[in-house]
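Worksheet: one structure, shown below.
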Amino acid sequence: MAVKHVVRFEPVGIEIEVDEDQNILRAAAEQGITLMHGCKEGQCSSCKSFVLDGEDPELDKYSTFALPDSEKEEGYTLLCRAHVYEDVTIELLNYDEEMIRSGKPIQEAVAEVVSNELVTHDMRHLVVKLVEPQDIEYWPGQYVDIAIPNTEETRSFSMANTTSKDGGRLEFVIKVYPDGLFSNFLNTKVQVGDRLDLVGPFGVFTLRDRESDIVFVGGGAGMAPILCLLRTLAERGSTRKVTYYYGARTKRDLCFEDELHSLFETLPNFRFVPALSMPDDDTWDGEVGLITDVMKQHETDLAEADSYVCGPPPMVEAAIDMLSGLGASDKNIYYDKFTTTGEPT
Ligand SMILES: Cc1cc2nc3c(=O)[nH]c(=O)nc-3n(C[C@H](O)[C@H](O)[C@H](O)COP(=O)(O)OP(=O)(O)OC[C@H]3O[C@@H](n4cnc5c(N)ncnc54)[C@H](O)[C@@H]3O)c2cc1C
Ligand code: FES
Numbered sequence: 017m018a019v020k021h022v023v024r025f026e027p028v029g030i031e032i033e034v035d036e037d038q039n040i041l042r043a044a045a046e047q048g049i050t051l052m053h054g055c056k057e058g059q060c061s062s063c064k065s066f067v068l069d070g071e072d073p074e075l076d077k078y079s080t081f082a083l084p085d086s087e088k089e090e091g092y093t094l095l096c097r098a099h100v101y102e103d104v105t106i107e108l109l110n111y112d113e114e115m116i117r118s119g120k121p122i123q124e125a126v127a128e129v130v131s132n133e134l135v136t137h138d139m140r141h142l143v144v145k146l147v148e149p150q151d152i153e154y155w156p157g158q159y160v161d162i163a164i165p166n167t168e169e170t171r172s173f174s175m176a177n178t179t180s181k182d183g184g185r186l187e188f189v190i191k192v193y194p195d196g197l198f199s200n201f202l203n204t205k206v207q208v209g210d211r212l213d214l215v216g217p218f219g220v221f222t223l224r225d226r227e228s229d230i231v232f233v234g235g236g237a238g239m240a241p242i243l244c245l246l247r248t249l250a251e252r253g254s255t256r257k258v259t260y261y262y263g264a265r266t267k268r269d270l271c272f273e274d275e276l277h278s279l280f281e282t283l284p285n286f287r288f289v290p291a292l293s294m295p296d297d298d299t300w301d302g303e304v305g306l307i308t309d310v311m312k313q314h315e316t317d318l319a320e321a322d323s324y325v326c327g328p329p330p331m332v333e334a335a336i337d338m339l340s341g342l343g344a345s346d347k348n349i350y351y352d353k354f355t356t357t358g359e360p361t
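The numbers in the numbering used here rise by one with no breaks, and the one at position 91 of the sequence shown is 107.
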């Protein structure tokens with residue numbers, strides 16, 4: 017059995033035990049402590065923290081974009097990659113009081129494919145039904161890791177469905193990369209009735225319980241968790257003012273339009289603002305331009321708003337800058353960067 021050490025988190029004063037062969041983030045999650053994280057692969061920097069006391073943890077492979085050498089030397093670390101070999105105290109740079117003790121148990125599960133349809137020319141809508149166990153608990157906005165058969169690899173995918181309906185049914189929106197290990201497999205091999213192994217839930221892109229206005233900004237498959245959050249707000253009959261800015265290149269990159277345009281029937285203060293950056297169709301009478309520019313034309317003051325951003329990392333970073341420029345407070349900007357595993361570091 018692996019040797020355990022105590023990791024203490026400040027300023028929250030929480031202590032956990034961590035096996036030497038486990039990373040700190042995973043050990044915390046297994047003990048019901050949800051620390052800030054995104055990719056879990058050392059790429060997004062969401063879990064960056066500071067070592068206050070004890071030897072610097074040893075890190076599995078990570079990107080120096082997430083943790084530059086200079087920061088590592090100062091004592092910063094990535095909790096999703098960090099292994100400890102003695103007791104340490106870690107300062108959490110970024111944490112959410114509301115989330116930290118609200119973790120749902122991580123479970124391994126087997127699911128059967130119910131449908132696997134194209135929703136755009138390069139995005140698929142995958143629906144699975146859990147078989148063993150028949151349901152898992154998660155917060156709207158979270159994701160699971162799906163195993164790629166006959167490899168040691170997994171990929172993360174966010175649930176697009178709400179947690180209340182059709183227990184055990186999970187819905188995903190997945191972008192297809194022609195050479196992508198999982199997405200190409202999904203596009204060319206996965207059939208109804210096939211079984212997939214998954215583990216989860218993970219993620220902190222969850223709905224905060226407030227009454228403020230909400231701005232969603234999405235691009236590409238970032239649609240998935242935003243759809244989940246919108247459907248959840250609709251199920252709850254929310255009267256919050258909600259605006260969804262969704263950026264796509266061309267009309268054929270848009271999906272779930274009918275559902276989104278009719279969502280105001282259940283969400284009375286909802287507005288869907290899709291924008292095309294490269295409209296190739298004269299019939300398009302919606303917004304044109306980068307989604308961040310379009311948002312800037314529509315919004316003037318987001319000081320009191322909650323913002324949720326999800327999609328490819330460059331879009332997420334640009335949107336966070338724009339939201340800050342419009343007065344949104346950093347602590348009320350929530351985001352998931354869909355980093356890709358194969359990305360060059
Ligand atoms: C928290 C989180 C949640 C996520 N949720 C979702 C989600 O809901 N939906 C979703 O679609 N993705 C999601 N992702 C991304 C997902 O996990 C995978 O990384 C992604 O699907 C790519 O996996 P892959 O195995 O298909 O590609 P990989 O084999 O990992 O290849 C990935 C890299 O290769 C590049 N690449 C591959 N083929 C080509 C090609 N022909 N042309 C150009 N570049 C290429 C891609 O740009 C990419 O950088 C999420 C990621 C994170 C971190
Ligand atoms: S770098 Fe740790 S969660 Fe992304």
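In this text, a Cβ means the ideal position worked out from N, Cα and C, and glycines have one as well.
- A direct Cα-Cα distance of roughly 44 Å separates Arg226 from Asn166.
- Between Cys96 and Phe221, the C-beta spacing is not below 8 Å.
- If you look at Gly341, you'll find it isn't in any beta strand (DSSP E); it sits in the alpha helix (DSSP H) that goes Pro329 to Gly341.
- Membership of Asp35 in the beta strand (DSSP E) is indicated by the continuous run Ile30 to Asp35.
- Rounded to whole angstroms, the separation of the alpha carbons of Tyr260 and Arg287 is 6 Å.
- Segment contact: the region 195-214 against the region 129-146, three or more CB-CB distances shorter than 8 Å; contact assigned.
- Contact holds between the region 346-359 and the region 53-62, because three or more Cβ pairs, one in each stretch, are under 8 Å apart.
- Gln123: member of the beta strand (DSSP E) spanning Gln123 to Thr136, first to last residue.
- Scanning its chain for C-beta atoms nearer than 6 Å, with the 5 sequence neighbours on each side dropped, one finds around Gln47 the residues Ile32, in chain order.
- Here the alpha carbons of Asp210 and Ser61 stand approximately 35 Å from one another.
- Under the three-state reduction of DSSP output, His314 falls in the helix class.
- In the DSSP assignment, Met294 falls outside any alpha helix (DSSP H) and carries neither an H nor an E.
- Burial state of Gly216 is buried, judged by a 10 Å Cβ sphere holding 16 or more other Cβ atoms.
- In the DSSP secondary-structure assignment, Val160 is bridged to Phe173.
- For Glu89, the uninterrupted alpha helix (DSSP H) segment begins and ends at Asp85 to Glu90.
- With a 10 Å radius around the Cβ and a threshold of 16 neighbouring Cβ atoms, Asp296 comes out exposed.
- Residue range Leu197 to Thr204 is occupied by the alpha helix (DSSP H) that includes Phe201.
- Partner residues in the beta bridge of Cys326, as assigned by DSSP, are Gly234 and Asp352.
- Using a Cβ distance threshold of 8 Å, Leu214 and Gly157 do not count as a contacting pair.
- For Ala264, the enclosing beta strand (DSSP E) covers residues Val258 to Ala264.
- Glu315 counts as buried, since no fewer than 16 other beta carbons sit within 10 angstroms of its beta carbon.
- Each residue's CA atom was taken as its position, placing Gly91 and Ser79 some 16 Å apart.
- By DSSP's assignment, Gly216 forms a beta bridge with Gln123.
- Ligand 1 approaches Cys55 closely enough that one of its heavy atoms is under 7 Å from the residue's Cβ.
- Segment contact: the region 264-284 against the region 132-139, three or more CB-CB distances shorter than 8 Å; contact assigned.
- Between Glu89 and Leu276, the alpha-carbon positions lie close to 47 Å from each other.
- Linking Ala240 to Lys191 through their CA atoms gives a straight-line distance of about 10 Å.
- Contact check for Leu283 against Ser254 passes: the beta carbons are separated by less than 8 Å.
- About 13 Å separates the beta carbons of Thr93 and Asp69, which is beyond the 8 Å limit, so they are not a contact pair.
- Spatial neighbours of Gly238 in its own chain (CB-CB distance under 7 Å, excluding positions within 5 residues in sequence) are listed in chain order as Cys326, Gly327 and Phe354.
- If the five residues before and after Ser172 are omitted, its C-beta is found closer than 6 Å to the C-beta atoms of Tyr159 and Asp161, all from its own chain and listed in chain order.
- With a beta-carbon spacing of about 7 Å, Tyr111 and Leu51 fall inside the 8 Å limit used to define contacts.
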